[in-house]
Structure formats: C-alpha cells, structure tokens
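I have placed the structure first, in the form of structure tokens, so that the comments after it can refer back to it.
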Amino acid sequence: MAEDPKDAPAAPAAPAAGDPAAPAAPPKPAPAPAAAAAPAAPKPAAPPKAAAPAPTDAMGEPLVAALAAAVPGSVLGAKKMVGQTTIELAPGKLVEACRHLKDAETFTFLVDLTAIDWKERVPRFDVVYWVHSFDRGNERVRLKVGVADGAACPTVSGVWETANWMEREVFDLFGIAFEGHPDLRRILTWDGFQGHPLRKDFPVEGIDTGAAIYPDRYPEGGGPAPDDKNRKAVS
Amino acid sequence: MDISESVLTWVLIPAVKAVVVVVLVATAAGVLTYIERRTLAFLQVRKGPNRVGPEGILQFVADVVKLLTKEDVVPAKARHVIHFLAPVLVMVPGLAVFAVLPWGPEFTMRIPGLGKLTTAWYATDVNVSLLLLLAITSVGIYGIILGGWASNSKYALLGGLRSAAQLISYEVPMGFAVVSAILMARSLSLVEIVEAQKTHHMWFILPGLVSFFLYFVSGVAETNRIPFDLPEAESELVAGFHTEYSGFRWAIFFLTEYANMITISAVATALFFGGWLRPFPNVAALSFLDLIPGVIWYVLKVSCFLFVYIWFRGTFPRYRFDQLMALGWKTLIPISLVNLVCVALAALGGFRGLRILGAILWVAAIGAFLVVTRMRASKRWPQSAGPAPAGARGAEA
Amino acid sequence: MSDLVGTAGAVPESEETMLGLREMELNFGPQHPSTHGVLRIVLKVDGERIVSARPDVGYLHRGTEKLFETETYPMIIPHTDRLDYVAAATNNHAYVLTVEKLLGLEIPKRAQYIRVVLDEMQRVSSHLLWLATAAIDLGAITPFFYTFREREVILDLFEDYCGARLTLNCMRVGGLQEDLTPGWVDKLRAFTEDLGAKIDEYEDLLTENRIWKLRTIGIGILDTKRCIEWGVTGPPLRAAGLAWDIRRAIPYECYSELDFEIPTGKNADTYDRYLVRIAELRQSRRILLQCCDWLDKNPTGDIRGKVPRVIKPPVGDAYASVESPKGELGFYLVSNGGNRPYRLRVRPPSFINLQALPEMARGHMVSDLVAIIGTIDIVLGEVDR
Amino acid sequence: MSFWDNVLLLDIFGGLKMTGRHFFRKADTVEYPEAAREPSDRFRGMFRLDEERCIKCTLCAIECPINIIFIDWHNEKNPQGKNEKVLDRFDVDLKRCMFCGLCEEACPTNPKSIWLRTKTYELGTYERNDALYLDIKKLTKWDENVKPFAVVEQGEGR
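Protein sequence lines correspond, in order, to chains A, B, C and D. Count along the first sequence from 1, then add 105; that gives the number in this note's numbering. Count along the second sequence from 1, then add 200; that gives the number in this note's numbering. Count along the third sequence from 1, then add 270; that gives the number in this note's numbering. Count along the fourth sequence from 1, then add 1; that gives the number in this note's numbering.
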C-alpha cells in the first residue's frame with residue numbers, strides 16, 4: 106500500500122517511495138544520502154477533484170495473484186482503497202498465507218493487528234493485519250480475516266512474535282480467542298474483568314465491575330450496593 | 201596535679217567537648233543538607249530552597265521539625281527490635297568518630313577561678329586514632345545491613361546487601377591509602393600526622409597524590425554518594441536500605457550520611473592537606489596567614505571537599521553494582537598496593553625520599569595532562585570504542 | 271548475590287541457580303521511580319541478575335478507542351493529545367492524516383510546513399524529555415534541568431502558537447486551527463540556532479563519560495532482525511542499523527522536500543540509542559531551520575484546505591502513520607459513512623516497543639533494567655490508551 | 002578508552018567543568034507566586050461568556066468532546082412581542098475541562114460569545130464545588146473566586 110496518489114512524489118529519485126507494484130528494491134543504505142532527498146521534487150498539483158475515494162477490486166494485483174497461487178484457497182477477495190490493498194483471507198489458511206507472505210514475499214514486519222466488530226454481520230468480527238516489507242520498497246498490505254462470535258482465530262504469533270501482545274489486546278477488548286497463542290491473558294483490563302470493551306454492545310459509560318474498594322461498606326462481591334443511587338445500571 | 205584539676209581534665213572538659221561535638225555535628229549535618237541542596241541548585245541553573253528564613257537557611261530546621269512530627273511507620277512484618285536498633289547502630293559510630301578528629305592545635309585558655317588551662321580543638325588524642333577511626337566507621341555497616349534486612353522488604357534487602365559488599369570492599373583501598381599516610385608520618389595519631397606535615401615542610405598531598413585519590417574515591421563510596429550511591433539508588437531500589445524507614449529514624453540515617461561525609465572530608469584534610477596548618481606552614485613570608493586560626497583553616501579545607509562531593513553528585517551517573525565491585529577490586533586495590541610500595545620505598549629515604557616522590561608524581565601528572573589535552577585540542581572528543589552513528593556529531597553546518 | 275564480580279551475560283533460564291538458591295520474585299512497579307508511569311514488571315531475579323521479566327500493563331487504560339467511536343471527527347483530536355502526552359502534536363498529526371487520507375483532502379503547502387515544524391518541535395521536546403529521564407534513571411540528575419530549560423522554550427513556543435503547552439489540539443482535519451503569530455518564526459529560529467550548543471552541553475556531560483558508557487554500552491541489545499520480529503520501530507530500530515524512518519520511507523506532508531539524514535547506530539545497544547536520539551535532535555534542528563527559511567519566504571497562505579462543514583468520510587478504511595518520537599504511530603480508521611468513526615485503532619509505538627523488554631532485559635541486572643526501560647522511551651498514556 | 006583517558010580521567014574532569022560552568026550562571030527559575038509569567042495571547046485558560054452575544058444555539062455544548070457544558074433556555078416574549086431565547090443555565094463542569102478550545106471554535110457569533118483566551122489559569126479553589134459548576138454569574142462576571150488576569154476580549158491575539 107503506502108502510496109496514496111497524492112503522496113507519491115513525481116520524481117522517482119525520491120527514495121523509498123517507489124511504486125508499490127515495483128519488484129523488490131533493496132532497503133536504503135544506512136545513512137540516507139542527503140543528495141537523494143535534496144532535489145525535492147515538487148509534488149504534483151492536487152489530484153483532480155475526484156469524488157470520494159471508493160474501493161476498487163484488486164484481485165489482479167501481482168502480490169494477490171502470487172499469494173492466491175502459492176496458497177490455494179487462501180484469498181477470498183481483495184480490494185484497494187486510497188492506495189491501500191486489503192486482502193481477505195480464509196481463516197483456515199491464515200497462518201499458511203502469513204507464513205508465505207513472510208518467508209517468500211519478505212513481509213517480515215507485522216505493523217499492527219486489530220479487530221473490527223461488525224455487530225450484525227456474519228461472521229461478526231474482522232481481524233485485521235498489516236504487513237510491511239522492507240525489501241519491496243516499503244510495500245504494505247492489509248489482511249483481513251472474518252471470525253465469528255465465539256469462534257477462535259488461528260494465532261500468527263508463531264509467524265511474527267510481535268503479534269503476541271496485539272492478539273492479547275484483541276482478545277481482551279473484543280473477546281476473540283486466538284488458537285495456539287502462547288500466553289492468552291487479558292492485557293489492558295485486569296484479570297477477572299467481565300466483558301470486552303470494544304465490542305459494540307459494551308456500554309460506553311462502563312459497567313459495574315464488582316471491584317470491591319470498601320469491603321465494609323459494600324456487599325460481598327464488591328461494587329455499589331443495589332440500592333446505592335450512584336450505582337450505574339448494568340446493561 | 202590536684203584533684204580539681206584532674207576532674208577538670210578528665211571529666212568536665214571531655215564531657216563538655218562531647219556535648220559540643222554531638223550538637224555541632226548534628227547541626228553541621230543539618231546545615232550540610234541545606235548547603236547541598238543550594239549548591240546542587242546552582243549547578244543545575246535553579247535556585248533551590250530559599251523560602252524558609254533568609255535565603256532558606258532555616259530549611260533544615262523545618263525539615264527536622266517535619267521529620268520529628270511525622271508518623272513513624274514500621275512495616276507489619278518487620279523485625280521490630282532490629283528495625284528500631286538499626287538507625288542507632290548507624291548513628292553512634294557516625295558520631296563517635298568525631299572524638300578523634302583534630303580540628304585544631306592545642307591551645308591554652310584562662311578560666312576564671314581555675315587558672316590556666318591547656319586543652320585542644322579535639323575531644324581526645326588517642327595514639328592509635330586512625331585505627332580507632334577505621335574500626336568505628338566499620339561498625340556503621342551493621343546498622344545498614346540490619347536495617348535493610350529487618351525491614352522485610354526486598355528492595356531494602358537488596359540495598360542492604362549492596363551496601364555490605366560495597367562498604368567492605370572499599371574499606372580495603374581506603375585502608376591502604378591511610379597506611380601510606382601513616383608511613384609518611386610514622387604515626388597512627390591524627391594529631392601527630394598533622395604535625396608531621398609541618399616538620400616535613402609539606403602537605404602529604406605532594407607525595408600522597410595517588411593515595412589521596414584512592415582515599416577520596418573510596419570515601420565517596422563509603423558514604424554512599426553518587427557515583428557510588430548504589431545502596432540507596434533511587435531509580436533502581438526506590439530508596440535502598442532505608443525504603444521502609446520514615447520519620448525520625450529515616451532522618452537519623454540521613455543525617456548520619458552527612459556526618460560521614462564530614463568525617464571522610466575531615467580525615468582527608470588531616471592526612472593529606474595539613475589539617476589545621478595554613479598553606480606552606482614553614483614559609484615565614486606567609487606568616488600573616490597565621491592570623492586565621494587553625495580551626496578556620498580546617499573547616500575551610502573540609503568545606504572544599506564537601507563541595508566536591510556535591511559537585512560529583514551534580515555531574516555523574518551511577519555505577520552498576522558489578523562495575524562498582526570491579527572498580528574496587530580490580531582497579532583501586534592493585535593501584536593502592538603499588539602505591540603503598542612506592543610510598544614505603546620513598547619513606548625509607550626519609551623526607552628527602554618523599555619529596556622526590558612528590559616531585560615525580562606531580563610533574564608526571566601535570567605534564568601528561570597538558571600534553572594530552574593539547575594533543576586533543578583539535579578533536580573535541582577522542583574517537584572512542586563507542587559507535588559513531590552517521591551524523592552523530594557535527595552533521596549540520 | 272551469587273555472582274558479585276563480572277559483566278552482565280546471559281544466564282540460562284533454569285530453576286536451579288548457583289548455590290542452589292531460590293530465585294527471588296521482585297515486583298518492579300507500578301509505583302516505582304523509574305518505570306515512567308504505572309508500568310509494572312514482575313521480575314525473577316537471581317541475586318540481582320534478571321532471569322525473566324514480565325511486563326504488566328494496563329494500569330492507565332482509559333478506553334480511548336471506545337471513546338473515539340462516540341465522538342465526531344473534530345472532537346477526537348483533543349483525545350489524541352492524551353495518548354502520548356509528551357508528543358501531542360505528532361498524535362494530532364497521525365490522526366488528521368488518516369482522516370484526510372480517507373477524505374482525499376489536499377493540504378495547503380503552508381499548513382504542511384507548519385505541521386512539520388510542530389512535529390519536529392515536538393520531537394525535540396520529546397527527545398529532551400527522554401534524555402532527562404534516561405539520565406536520571408542512571409543517576410545523573412543534572413541533565414534533567416538542562417534539558418528542561420530548553421524544553422520550556424519549546425513549550426512557550428507552543429503556547430504562543432496554539433494556547434496550550436502540552437496537550438496542544440493544534441491540528442485540524444484539512445489543515446490547522448490557526449496561522450502563526452507574527453514574529454513566531456523568528457523566535458523559533460533564535461531557539462533553534464541556539465539548540466546546537468545546548469546539545470553539545472548534554473553531550474559533554476554524558477557522551478564520553480566513562481560511567482555513562484559503562485552503564486549503556488552492551489546493555490539491552492536487540493539487533494535489526496529481532497527488532498523487526500518484535501515490530502520495534504523508531505530510535506531502537508535505527509540504533510540497530512536500519513535507516514528506516516516513516517518520514518523517508520512513506521513520506522507525508524512536505525518531508526520529501528526537506529534535507530535531513532536518518533542517523534543510525536551499529537551495536538543496537540542502549541548507548542547507540544542514546545547517540546541516535548542525540549543525532550535526531552540535531553537533524554530536527556536542521557529540519558526546523560529549513561522550515562523557518564521556507565516560512566520566511568512564504569509569510570502568508572492558506573492554512574486549511576477545502577474541508578466539508580461536517581466531516582463524513584466515505585465508507586471504507588484507511589491507515590496512515592507518522593514517525594512519532596517513539597516510533598511508527600499509526601491510526602486505522604474504519605468509516606461507515608457517518609460523522610463518527612466506526613472504529614479507530616491506534617498503533618501505539620510505545621506499546622509495541624515495550625513488548626521487546628523481556629528479551630532485552632534477560633540476563634542483565636536490575637540496574638540495567640532501569641536503563642532499558644528508559645531507552646525504549648515509553649509513555650504509559652500510549653501503552654495503555 | 003585509551004590508556005591516558007584511564008589515567009587522567011579527562012571525561013570525568015570534562016563533566017565537572019561542564020557543571021562547574023553552570024554554577025556561575027543565573028538561575029532560570031521563575032519564582033512563581035511572586036513573579037508569574039504572563040501567558041501568551043492565545044493562552045487557553047478560564048472561560049468567559051458574553052451573555053448578550055450568546056444566541057443560545059448550544060453548538061458549544063454539542064461540540065464539547067466530554068460534554069461538560071450544560072445549557073438550558075426557554076422562550077420568552079420580549080417587549081417587541083417576539084420570541085426570544087432566555088438562558089436558564091450555562092454551566093461548565095470546570096474540573097473536567099481539558100481546555101481544548103473546541104467550544105470557542107464552534108461558536109457561530111462574531112466576535113465569539115464564549116472564549117477561553119483570558120490568560121487566567123489560577124483556577125484552584127478550596128471547595129471542590131466551587132470549581133465544579135461555574136454558573137452564568139461566574140462565567141460572565143468573575144468574582145473573587147477566580148483571580149482575573151487582564152481580561153482579553155475576543156478577537157485579540159488572532
């Protein structure tokens with residue numbers, strides 16, 4: 106991904122801003138030569154007042170085609186929006202596809218991992234991954250996997266170690282379990298917290314967590330007494 | 201010698217001196233905390249405490265009052281008796297050593313009704329006072345270890361253990377440094393060492409340059425000051441061995457630390473900087489300097505050392521524990537051994553030998569310093585083992 | 271205290287330690303002077319040597335991402351200030367960049383330059399704060415006051431520009447809230463020109479100091495490969511030798527027009543990270559001077575593009591990131607066409623960099639842990655969100 | 002580190018020289034209560050409300066990210082017989098305010114009827130409730146609870 110048309114400098118001299126489809130470009134030498142940036146190609150004028158960006162189909166992209174060929178059945182669809190490619194993967198083939206992306210396509214860097222709760226949709230969640238390749242001119246691809254409520258998503262922490270905490274966070278905030286995760290515990294909320302805050306049905310104003318602060322004042326199990334007027338309704 | 205005189209000499213005057221010393225030391229340690237805060241503030245382009253009293257001079261009184269009235273918290277599972285005893289064990293030796301510090305020469309005064317009285321600016325002159333001093337200061341370690349252990353806190357325990365290892369290790373180079381001064385003066389008495397610097401026509405810093413460095417570095421380590429303040433390293437061990445102390449017990453630890461700073465500085469002054477002697481004690485042309493009493497000279501010299509202590513604190517990061525140990529055992533002790541041999545050989549040649557040693561040391565040190573700094577004047581810093589990332593220095597115009 | 275003398279090396283992770291002693295579990299934080307907030311680390315130590323470190327985060331969790339979903343797009347900006355609260359401008363920037371990307375907005379040149387100026391000032395102030403706290407962690411208290419002296423000037427400049435010193439809320443979707451005040455650029459230039467000498471002062475205190483070197487060289491090594499594996503970005507990655515910086519790799523705003531270098535280290539240790547950050551201070555100074563020149567040449571201009579009155583990005587998603595002082599700070603926006611984001615995810619560099627702490631700390635001593643926490647440069651507001 | 006560095010400790014003396022130089026510099030401290038710095042012209046501080054200019058549109062309350070502005074109004078016939086909005090309540094929960102200034106930005110009147118650029122930042126009170134809800138009276142007319150700085154009218158410092 107990475108290159109929104111407006112962000113792509115016209116001059117190819119500008120380093121590391123290559124065409125995303127360009128074949129592997131070696132990473133820049135350590136001290137970026139000052140000369141490379143100095144010419145400072147002026148950006149092209151504002152793109153034509155295009156209508157709002159809309160997704161386009163990206164099944165034809167070389168990377169998507171390569172992935173579909175290498176791991177058959179993994180790619181369910183692909184689209185491109187604001188210059189960023191999203192590949193929808195089949196949950197069953199996720200780890201295999203990721204392994205392929207990392208080993209064969211040099212996407213060594215997992216930028217981020219999160220989830221989206223679509224509430225009524227089936228499957229309910231999308232787990233989203235961004236992968237980055239230093240060797241392909243800083244190309245980025247977003248991967249999406251649909252996960253049903255209550256179902257487990259295969260973990261990619263065996264592929265990229267950094268997925269460990271990110272998956273814990275998704276587990277904590279969305280309640281998506283990751284199968285095979287080495288240490289699947291809550292991370293941002295405390296152990297024993299009930300509920301998953303980033304789900305759309307979790308109330309914004311919070312819930313009665315039952316945390317006992319004044320055991321002498323509040324009943325067993327903690328939290329405000331049922332007749333306490335400060336008690337918030339639990340939805 | 202009649203009865204009244206012996207009572208005076210052996211009971212009354214020592215008692216008065218003891219009280220005066222304790223009160224003065226406690227006050228001086230308090231004032232020192234204020235001075236340290238102000239000095240540090242000046243080093244750090246700020247002002248420091250300046251609200252309580254004129255220029256904040258009464259800040260330490262306010263602090264002491266606050267600490268006295270604070271709740272004394274004892275952790276629930278602490279060993280109460282030891283937890284209580286530890287500050288005492290630290291404080292008593294810290295104050296006791298002041299008995300042998302020679303702040304000034306003997307003097308004679310006239311007391312109405314008692315006649316002439318000869319006494320001195322020190323509580324007592326033991327003929328093995330240096331030995332006594334080293335022995336007593338070592339006892340203070342017990343208080344620190346026990347305090348750290350009895351608190352029943354892991355941080356305090358780690359602090360106490362660090363302290364034990366550190367203090368014991370640095371006793372060794374310190375002892376060797378002291379021995380070299382003893383060799384030069386051929387006496388174990390601090391008073392005699394000071395007087396020997398007059399008879400030798402020089403301060404012992406001249407032949408004892410290396411000894412002094414060793415003594416001072418070990419002294420900084422002994423008093424748990426930056427860069428050797430590991431037992432109470434704030435950013436690592438919260439507060440080290442006194443994490444679980446509060447109120448006045450904490451204040452005792454705190455004040456004793458400052459009293460120890462004074463002790464170390466005072467001993468360094470006596471051993472290497474001529475004690476109460478004025479500069480160039482035998483040059484008659486400077487005899488007008490004798491108008492300033494010896495005590496003032498002594499206090500001035502001690503103050504300089506205390507300033508250096510504070511200056512160190514304002515400048516350096518802190519060693520890591522194993523590095524501290526490595527410095528003590530692998531660097532200071534070998535150097536002190538070699539130094540001891542050199543000084544001993546020089547001392548064989550009497551005070552002529554000492555002079556030759558001093559001349560060699562100082563000429564070598566100043567010469568090397570000038571040459572090396574001149575050589576490096578072009579380069580701001582030598583290219584060191586550390587990596588120089590692209591554009592680390594002078595990348596921009 | 272099984273191994274008093276010696277340098278830190280790897281200790282095999284085994285139950286049985288020297289002398290057959292038990293490992294001690296040490297609770298480091300959440301209330302500890304050098305965890306930079308409410309970070310808790312459960313340490314297993316053999317004597318003072320760390321056998322394992324387990325960070326425990328979340329004490330500052332405020333549910334910011336949930337809050338984002340309830341707010342309209344302009345209302346989110348003040349909340350982004352509070353993620354990495356020592357670098358509010360870069361947070362604002364990453365957020366508005368994401369919304370602009372989804373909206374397909376073009377930003378006026380002047381606004382781009384002012385944004386870059388704010389970003390770089392923020393980088394300088396954040397790195398100064400880092401230097402101050404990292405030095406204090408290792409026992410050097412004085413650099414703190416020197417760096418805060420300079421940081422104060424930057425905060426004053428922020429105050430002059432937008433009225434706030436820390437939580438700036440200075441950027442808007444499509445541009446900026448307001449233009450510079452007259453004379454602001456001159457003040458900035460005066461400060462920037464002065465900054466070089468000030469950085470020399472910090473270096474005099476630390477760079478060659480033997481204690482500083484002993485405490486930092488060889489501590490917390492994380493080489494390029496491991497950095498990428500852990501997703502570590504920012505100065506730690508560059509100290510490992512990879513000159514990867516979003517400002518160059520995926521240029522945004524007018525960074526492609528500016529001349530600056532990406533400093534890198536070799537040894538991937540704490541000392542190199544220190545040197546890289548110091549070098550970045552100098553590079554930021556360079557960028558600031560170039561921006562001052564540009565702003566002097568172009569004293570007027572639009573500061574806000576054509577922004578619809580009600581911001582309603584089209585259905586879809588976009589991700590944009592900036593090089594924050596801590597690393598890659600990204601926002602991922604999912605829009606359902608409404609005036610509030612359906613989902614707004616923050617990619618917090620501190621959180622992801624902190625994950626590498628156990629690997630960096632293993633085998634080192636408790637004192638080194640302090641240096642390593644300092645060198646990752648975490649801000650708990652961002653870690654816990 | 003070379004041999005001579007180890008013997009002469011040049012780095013140590015260099016550091017001491019650095020701090021020693023600062024010993025003689027003037028302190029940068031501003032001794033706050035006696036010598037307060039004047040905030041900049043754009044400084045976002047205590048709210049000010051001009052009740053006359055306010056058109057009771059409640060945009061500021063809508064735009065507030067944390068919903069701390071509470072506005073109630075009712076219609077009243079003015080002497081000309083027209084309906085006019087009359088403010089019942091204009092409260093700001095100041096203890097939660099983060100001084101982002103979005104309310105000021107949202108205000109449609111010109112000059113603004115609610116603004117923060119008052120340079121007043123000493124908002125501490127002894128009673129919690131003094132700071133909690135600042136009613137119209139406090140917002141339009143500062144009493145002794147809020148130490149007024151030189152009041153900056155809306156429009157200055159732009």
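Backbone N, C-alpha and C fix where the C-beta goes; we use that ideal spot for every residue, glycine too. On a predicted model such as this, the values are computed, not experimentally measured, just so you know.
Practice task
Would you please state the rounded distance, in angstroms, between the beta carbons of A:R247 and A:T191? I believe it to be under 8 Å.
Solution key: Between the beta-carbon of A:R247 and that of A:T191 there is about 4 Å, and that keeps the pair under the 8 Å contact cut.
Problem - DSSP bridge partner residues for A:A183 (one or two, in chain order) - result: DSSP lists A:I192 as partners of A:A183.
Problem - Start-to-end residues for the alpha helix (DSSP H) that takes in B:V292 - result: Residues H280 to A296.
Problem - Where the stretch 231-250 of chain B meets chain D: residues whose CB sits under 9 Å from a CB there - result: If the cut-off is 9 Å between Cβ atoms, the stretch 231-250 of chain B has T239, A241, F242, L243, Q244, V245, R246, K247, G248 and N250 near chain D.
Practice task
Could you name the residues of the same chain whose beta carbon sits closer than 8 Å to that of C:L512, not counting the 5 residues immediately before and after it, in chain order?
Solution key: Hits under 8 Å: T494, C497, I498 and T534.
Handout entry: Exposure label - D:Y127; buried when at least 16 CB within 10 Å
Key = Exposed: under 16 other Cβ atoms inside 10 Å.
Exercise for the section: Please list the segments of the beta strand (DSSP E) lying wholly inside the stretch 505-580 of chain B, counting only runs of 3 or more residues, in order along the chain. Expected result: Listed in chain order, there is nothing to give.
Problem - Per-residue DSSP class, three states only, for C:R435 - result: Residue state, collapsed to three classes: coil.
Exercise for the section: Could you pull out every unbroken alpha helix (DSSP H) segment of at least 4 residues lying fully inside the stretch 458-501 of chain C, listed in chain order? Expected result: For the stretch 458-501 of chain C, the continuous alpha helix (DSSP H) assignments of 4+ residues that do not extend past its boundaries occur at 480-486 and 494-499, in sequence order.
Handout entry: Where D:N7 falls: helix, strand or coil (DSSP)
Key = Under the three-state reduction of DSSP output, D:N7 falls in the helix class.
Handout entry: Selection from B:M525, B:K501, B:V372 and B:V483 that minimises the alpha carbon distance to B:D429
Key = Comparing Cα positions, the closest option is B:M525.
Practice task
At 4 residues or longer, and completely inside the stretch 66-124 of chain D: list those alpha helix (DSSP H) runs for me, N to C.
Solution key: Entirely contained in the stretch 66-124 of chain D, the alpha helix (DSSP H) runs reaching 4 residues are, in chain order, 103-107.
Handout entry: Cβ neighbours of B:K501 in the same chain (closer than 6 Å, five flanking residues each side left out)
Key = For B:K501, where only same-chain residues beyond five positions count, the Cβ hits under 6 Å are T469 and F473.
Exercise for the section: Could you tell me whether the Cβ of D:R38 comes closer than 8 Å to any Cβ of chain B? Expected result: No - not a single Cβ of chain B is within 8 Å of the one on D:R38.
Practice task
Indicate the three-state DSSP secondary structure (helix, strand or coil) for C:G445 in the structure shown.
Solution key: It is a strand residue.
Problem - Status (buried if at least 16 other CB within 10 Å, exposed otherwise) for A:R290 - result: A residue is called buried when at least 16 other Cβ atoms come within 10 angstroms of its Cβ; A:R290 does not meet this threshold and is exposed.
Handout entry: Cβ pair count under 8 Å reaching 3, the stretch 387-404 of chain C against the stretch 588-598 of chain C
Key = Result yes; three or more Cβ-Cβ pairs closer than 8 Å.
Exercise for the section: Within the same chain, show all residues whose beta-carbon is closer than 8 Å to that of A:E166, passing over the 5 residues directly before and after it, in chain order. Expected result: Contacts found: A126, A183, K185 and T190.
Exercise for the section: May I have the straight-line CA-CA distance separating B:E371 from C:L398, to the nearest angstrom? Expected result: Across the structure, B:E371 and C:L398 are spaced so that their CA atoms are roughly 39 Å apart.
Handout entry: Proximity test, Cβ basis, 8 Å: C:Y416 and chain A
Key = No, because no Cβ of chain A sits closer than 8 Å to the Cβ of C:Y416.
Problem - the stretch 609-621 of chain C: positions lying closer than 8 Å to chain A by Cβ - result: Residues Y612, R613, R615, R617 and F621.
Problem - Within 8 Å, strictly: CB atoms of B:L388 and B:V292 - result: Judged by beta-carbon spacing, B:V292 lies beyond the 8 Å limit of B:L388, meaning their Cβ atoms are not closer than that value.
Handout entry: Positions along the stretch 479-513 of chain B whose CB lies within less than 7 Å of some CB in chain D
Key = Of all residues in the stretch 479-513 of chain B, only W511 place a beta-carbon less than 7 Å from a beta-carbon of chain D.
Handout entry: Whole-number beta carbon distance between D:I115 and D:E1, since they are thought to touch under 8 Å
Key = Nothing about residue 1 of chain D can be reported from this structure: the residues present for chain D run from 2 to 159 only.
Exercise for the section: Could you tell me which residues DSSP puts in a beta bridge with A:S238? Expected result: Its beta-bridge partners are A:E244.
Handout entry: Three-pair Cβ contact test at 8 Å for the stretch 452-470 of chain B versus the stretch 413-432 of chain B
Key = Segments in contact, yes.
Problem - Per-residue DSSP class, three states only, for C:L330 - result: In the structure shown, C:L330 falls within a coil segment according to DSSP collapsed to helix, strand and coil.
Exercise for the section: Report the option in C:E376, C:V308, C:T360 and C:A323 whose CA atom is closest to the CA atom of C:P578. Expected result: Of C:E376, C:V308, C:T360 and C:A323, the residue nearest in Cα terms is C:E376.
Handout entry: Exposed unless 16 or more other CB atoms sit within 10 angstroms - verdict on A:P152
Key = Low local confidence applies: a pLDDT of 43 at A:P152 is under 50, so the model's placement there is unreliable, and no value is given.
Handout entry: A:G285 beta carbon less than 8 Å from that of A:T260
Key = Yes, the pair counts as a contact, with Cβ atoms nearer than the cut-off.
Exercise for the section: Identify whether C:N362 lies in helix, strand or coil by the three-state DSSP scheme. Expected result: When secondary structure is reduced to three states using DSSP, C:N362 falls in the helix class.
Handout entry: Sequence ranges, alpha helix (DSSP H) only - wholly within the stretch 223-306 of chain A, length at least 4
Key = Fully enclosed alpha helix (DSSP H) runs of 4 or longer: 268-279.
Handout entry: Closer than 8 Å to chain B by CB, D:R90
Key = Not an interface residue.
Problem - Status (buried if at least 16 other CB within 10 Å, exposed otherwise) for C:Q625 - result: Buried, because 16 or more other Cβ atoms sit within 10 Å of the Cβ of C:Q625.
Exercise for the section: With DSSP as the reference, label B:L258 as helix, strand or coil. Expected result: The answer is coil: DSSP assigns B:L258 none of H, G, I, E or B.
Handout entry: Cβ distance (whole Å) where C:D654 is taken to contact C:L330 below 8 Å
Key = Right, the Cβ-Cβ distance comes to about 4 Å (below 8 Å), so this counts as a contact.
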